[in-house]
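Position one of the sequence shown corresponds to residue 1 (UniProt numbering), numbered consecutively onward. Each residue gets a CB set at the ideal place from its N, CA and C atoms; glycine is no exception. What follows is a short report on a single structure.
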Amino acid sequence: VYSSVQARFEGTLDGTDATILKNEDDAENIGVQILDKTSTPMTFNDLQAWSAPVNLPTAEGVTELSMPFTARYIATAVPVKSGTVDATATFYLQYN
1 VYSSVQARFE GTLDGTDATI LKNEDDAENI GVQILDKTST PMTFNDLQAW
51 SAPVNLPTAE GVTELSMPFT ARYIATAVPV KSGTVDATAT FYLQYN
């Protein structure tokens, strides 16, 4: 029986910073980060970079679970050129 779940992410990086996804659209010098529930940037493409575990519900009839992640834009150089930002991440879940 599983008691918790964790997530990790993969995607195309913007340079060598493993916490910034590359923008694939026309805005320049900007990337995307995904933050965990403590506002810490997640590391991409690292098989060991799992989020903190979230306990699975144990009460009968409870079927929903929240894993709070947020995304933010982050400048990768200056000047930042306005435009559309498009980045893709794949997430994986590990049940413990």
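Three or more C-beta pairs below 8 Å linking the segment 12-19 and the segment 34-46: yes
For Phe-69, which of helix, strand or coil comes out of DSSP? Counting from 1 along the sequence shown, the entry for residue 69 is found at position 69. DSSP places Phe-69 in coil when its eight states are reduced to three.
Measure from the C-beta of Gly-31 to each C-beta in chain C and report whether the shortest distance is under 9 Å. Included in the structure is just one protein chain, with no chain C present.
Whose C-beta lies closer than 7 Å to the C-beta of Ser-3 among residues of the same chain, with five residues either side of it excluded? On the sequence shown, residue 3 is found 3 positions in, with the first residue counted as 1. Here the set comprises Asn-55, Leu-56 and Asn-96.
Closest by CA to Asn-23, which one among Tyr-92, Thr-76, Phe-9 and Thr-90? Position 23 of the sequence shown, counted from the start, is the residue given in the question as residue 23. Closest option to Asn-23, Cα to Cα, is Thr-76.
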